[in-house]
Amino acid sequence: MPKIATWNVNSIRTRLDHVCQWLDSTGVDYLCLQETKVTDAEFPRQPFLDRGYHVYCSGQKAYNGVAILSRQPLAGVEAGFAPQLPSHSELDTQKRLIRAQLAPDVILVNVYIPNGGEYDSEKYHYKLHWLKGLHAYLQKLTAQAEVILCGDFNIAPEDKDLFDARDRATKVGATDAERNLLAAIRDLGFHDAFRHFTNEPGHYSWWDYRAGAFRRNQGWRIDHLYITPAVKARACNCRIDIAPRRLPKPSDHAPVILEIE
DNA sequence: ATGGCAAACCTAGTTTGA
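In my numbering, the protein residues as written are 2 to 262.
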């Protein structure tokens, strides 16, 4: 039963031991990483090669950066929008997207969607612009194949996906403009894998380092796996693993795992 | 309204995160 996971590690070099321990204990087949914060030349490949994973990364110094670890070698690996959408190549200066084929008719897309900064700031509008680019990109892909779209979306899709939805009109990650663009992407034919199995509120994938947010479970569910119908039909389970968030010096995000039969 | 924490960067204070 293949397992596919997504995890914003907030620096792969700082979190190397956590990720290795987690791979050893869960044995996931594919792990999509975000915020690796390292160039491809500096990416710590060897510990993953030693564990039998192939490493595909697209990173930059200090900020952003995505990677896919896979037990099998992957075909069709492409970084950024440009290979599918040359018109949007300016979005590729920030390393936030990598994709690969899992099968001839299944494409895995790993994204690190911009944070958005303050409401109505330049960063907020960049986030909205980036989401429109992602929509155009996925429109092409969903016409060709089944797609597993995962990563750090920096968006809580519903009010039950954050601990306090008050004032959300200006709360970046929960505004209507962001949710509407995410809904437009979802309407290309995606289903929220986590919500296929769990309806209750109070399940989060990110907690602020400050103010005891994790201890008080004051978090947001912003890390997602979106799957097209044929994948959904094979999905057995999708859960957030909060165990790594309890460790000393954790990432502020927890991994999310999808199991497929 | 602010701070609280963590990481990276030409090491000290700035930028980013959501």
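Think of the CB as a built atom: it goes at the ideal place given N, C-alpha and C, for glycine as much as any other residue.
Residues that DSSP places opposite Ser59 in a beta bridge | The count along the first sequence starts at 1 and reaches residue 59 at position 58. BP columns for Ser59 point to Val67.
Near Gln85, which residues of its chain fall below 8 Å by C-beta distance, leaving aside the five closest residues on each side in sequence?
-> Within the first sequence, residue 85 is the residue found at index 84, counting from 1. Glu79, Tyr138, Lys141 and Leu142, listed in sequence order.
Please report the residue range of the beta strand (DSSP E) in which Lys4 lies.
-> On the first sequence, position 3 is the one that residue 4 refers to. Where Lys4 is concerned, the enclosing beta strand (DSSP E) stretches over Lys4 to Asn9.
Contact check, Asn111 vs Gly152, beta carbons under 7 Å = Numbered from its first residue, the first sequence carries residue 111 at position 110. Numbered from its first residue, the first sequence carries residue 152 at position 151. Yes; because the gap between Cβ atoms is below 7 Å, this pair is in contact.
For His224, write down the residues that DSSP places opposite it in a beta bridge.
-> Taking the first residue of the first sequence as 1, we reach residue 224 at position 223. What sits at residue 224 in the sequence shown is Asp, not His. Note: Asp224 sits in a beta bridge opposite Asp153.
Assign Arg1 to one of three DSSP states: helix, strand, or coil.
-> Any property of residue 1 remains undetermined from this structure, which presents the chain solely from 2 to 262.
In this structure, what does DSSP give as the bridge partners for Asp193?
-> Mapped onto the first sequence, residue 193 falls at position 192. BP columns for Asp193 point to Tyr227.
With Lys38 and Tyr57 assumed to form a contact (beta carbons below 8 Å), what rounded beta-carbon distance in angstroms separates them?
-> Here residue 38 refers to the residue found at position 37 when the first sequence is read from its first residue. Here residue 57 refers to the residue found at position 56 when the first sequence is read from its first residue. The pair is not a contact, with the Cβ atoms about 17 Å apart (cut-off 8 Å).
Which two residues bound the contiguous alpha helix (DSSP H) that contains Asn181?
-> Counting from one through the first sequence, the residue named residue 181 turns up at place 180. Looking at the DSSP string, the run of the alpha helix (DSSP H) that includes Asn181 is Asp177 to Arg187.
C-alpha gap between Pro87 and Arg217, whole angstroms = Within the first sequence, residue 87 is the residue found at index 86, counting from 1. Within the first sequence, residue 217 is the residue found at index 216, counting from 1. Rounded to the nearest angstrom, the two C-alpha atoms are 45 Å apart.
Give me whichever residues DSSP pairs with Val110 in a beta bridge.
-> Here the question's residue 110 lines up with position 109 in the first sequence. DSSP lists Arg100 and Leu150 as partners of Val110.
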